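Enquirer: Below is the structure I would like to discuss, written out as structure tokens.
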């Protein structure tokens, strides 16, 4: 005689198997053919070690990586990334023929961009140091600031995004999101000297365009007015443009593909914006009314 537990588990097994066979949802994937998240996170670490030797080491290092060490690490990282790109295209049901050559071409573009990414990140670190009076040094920004980490992963992922690589850019930026609380879609276009201060809760959407010398504080959303159209909105410009030399303070929400924040503008905390803002403009939310009571509040 079956116990109640055995009966429940058998019914559950039957239901799960029926769902798997009857649904078009991807209940099962061959893990040998899909990108490995742990491997991709480790590739990010290797890329950081190449770009900023000594800052992202797993263990204490007596000396910085010399030319031969960097050359070996570059070679290893290239082939690890290429393997993950092949798997990403295979999983997305792309044409199987020529995937190895396509992945090699993408890796060539990606690694050719590394020096440029490195220079951009140096400028981002400089912007973080200049923009935060609490910063002791640029080294502190690179070592410690979640905004810098999120930006660095975004800049790497963005190159793969522009090359049409599926899955991997999302895995990279979601890793940074989980680590820092900052969600930057790899499709966003972000200029130089970008600084995110504090950072927790920042959201930057896929079609957002951000100019140079922009500073963003925690809780800022650069998002879409509505996503009710779902997949019909894929590829449609739905996130705002932020022009050069703009500062956006904590909690501000800026939505819509037609919303442009003009250059040299300042957006105050907790503003909600869905219309273009002219250049050289300061925008502040109305000061909320505060009620002050004096005396012993514990008696109330």
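In this note's numbering, the protein residues as written are 59 to 358. All residues carry an ideal CB built from backbone N, CA and C; glycine is no exception. All values reported here derive from a predicted model rather than from experimental measurement.
Please report the Cβ distance between residue 269 and residue 321, rounded to the nearest whole angstrom; I am assuming they are in contact, meaning their Cβ atoms lie under 8 angstroms.
Expert: Reading the chain shown from its first residue, position 211 is the one you call residue 269. Reading the chain shown from its first residue, position 263 is the one you call residue 321. About 7 angstroms separates the two Cβ atoms, so the contact holds.
Enquirer: In terms of alpha-carbon separation, which member of 303, 331, 232, 222 lies closest to residue 95?
Expert: Position 37 of the chain shown holds residue 95. Checking every option, the nearest Cα to that of residue 95 belongs to 232.
Enquirer: Is it right to say residue 305 is buried, meaning 16 or more other beta carbons lie within 10 angstroms of its own, or is it exposed?
Expert: Numbered from 1 along the chain shown, position 247 holds the residue referred to as residue 305. Around the C-beta of residue 305, 16 or more other C-beta atoms lie within 10 Å, and the residue is accordingly described as buried.
Enquirer: Figure out for me which residue from 282, 238, 160, 266 has the closest Cα to the Cα of residue 257.
Expert: Taking the chain shown and counting its residues from 1, the one referred to as residue 257 is at position 199. Closest option to residue 257, Cα to Cα, is 238.
Enquirer: For residue 103, count the other beta carbons within 10 Å of its own beta carbon; 16 or more makes it buried, fewer makes it exposed. Which is it?
Expert: If you number the chain shown from 1, residue 103 lands on position 45. Exposed.
Enquirer: Is the distance from the Cβ of residue 213 to the Cβ of residue 172 below 8 angstroms?
Expert: In the chain shown, counting from the first residue as 1, residue 213 sits at position 155. In the chain shown, counting from the first residue as 1, residue 172 sits at position 114. No, the Cβ-Cβ distance between residue 213 and residue 172 is not below 8 angstroms.
Enquirer: In this structure, how does DSSP classify residue 156 when only helix, strand and coil are distinguished?
Expert: As a first step, residue 156 is located in the chain shown; it is residue number 98 there, counting from the start. Residue state, collapsed to three classes: coil.
Enquirer: Please classify residue 313: does DSSP put it in a helix, a strand, or coil?
Expert: Reading the chain shown from its first residue, position 255 is the one you call residue 313. It is a strand residue.
Enquirer: What is the rounded straight-line gap between the Cα of residue 279 and the Cα of residue 196?
Expert: Working through the chain shown from its first residue, we reach residue 279 at position 221. Working through the chain shown from its first residue, we reach residue 196 at position 138. Between residue 279 and residue 196, the C-alpha separation is close to 26 angstroms.
Enquirer: With DSSP as the reference, identify every bridge partner of residue 253, one or two as the case may be.
Expert: Along the chain shown, read from residue 1 onward, the residue named residue 253 stands at position 195. Its beta-bridge partners are 273.
Enquirer: With distance defined between alpha-carbon atoms, name the residue in 82, 323, 243 nearest to residue 337.
Expert: As a first step, residue 337 must be located in the chain shown, where it is residue number 279. Out of 82, 323, 243, 323 has the C-alpha closest to the C-alpha of residue 337.
Enquirer: Could you give the residue range of the alpha helix (DSSP H) that holds residue 73?
Expert: Residue numbering aside, residue 73 sits at position 15 when the chain shown is read from its first letter. Residues 62-80.
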